[in-house]
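Asker: To start, I am sharing the structure in question, which I have written as C-alpha cells.
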Amino acid sequence: MNCKVMVLPSREPEQIRLVRIPEDMESHEAFRHATGVIAAAEEANPQFTWEDIEDALDAQGFRTLDFVLGPALD
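Residue 185 is where the sequence shown starts when you use the numbering used here, and the numbers rise one by one after that.
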C-alpha cells in the first residue's frame with residue numbers, strides 16, 4: 185500500500201510525529217493545512233495535549249502512524 189506521509193517536526197525527538205496525508209490532498213497543501221489545524225486546536229484549548237491535536241487532525245483525514253526514530257548520529 186503506497187501512501188503519502190508527512191513528518192511533524194519537534195525540538196524534542198520524542199514529540200516528532202508521522203502522519204498519513206489524506207488521499208484527496210495534494211502533498212504541497214498538506215503541511216500548510218496540518219499546521220492550520222494544529223494552530224486552531226491550540227488556540228481553542230491553551231492546555232492542549234497531543235491527543236487534542238491528533239483528534240483535530242483525524243477529523244481532517246490525517247492519520248497518525250507508528251514509527252521508530254533511529255539513534256542519534258553524534
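Ideal Cβ placement from N, Cα and C applies to all residues, glycine included. This structure is a prediction, so every number in the text was calculated from the model and none was measured.
#1: Determine whether the beta carbon atoms of valine 203 and phenylalanine 246 lie at a separation below 8 Å.
#2: Regarding phenylalanine 232 and the ligand FAD, is the C-beta to nearest heavy atom distance less than 7 Å?
#3: Between valine 206 and the rest of its own chain, which residues show a CB-CB distance below 6 Å, the 5 nearest in sequence each way excluded?
#4: Quick check: what's the CA-CA separation for histidine 212 versus glycine 220?
#5: Pull up the DSSP beta-bridge partners for isoleucine 202, would you.
Answerer: Working from what's here:
#1: For the purposes of this step, residue 203 is taken as residue 19 along the sequence shown, with counting starting at 1. For the purposes of this step, residue 246 is taken as residue 62 along the sequence shown, with counting starting at 1. Yes; because the gap between Cβ atoms is below 8 Å, this pair is in contact.
#2: Among the components modelled here there is no ligand, and therefore nothing to report on the ligand FAD.
#3: As a working mapping, residue 206 is identified with position 22 in the sequence shown. First, the residue type needs correcting, since residue 206 is proline and not valine in the sequence shown. The residues are Gly245.
#4: Start at 1 with the first residue of the sequence shown, and residue 212 comes out as number 28. Start at 1 with the first residue of the sequence shown, and residue 220 comes out as number 36. Histidine 212 and glycine 220: Cα-Cα distance of roughly 14 Å.
#5: Within the sequence shown, residue 202 is the residue found at index 18, counting from 1. Note that residue 202 corresponds to leucine in the displayed sequence, not to isoleucine. BP columns for leucine 202 point to Val191 and Leu249.
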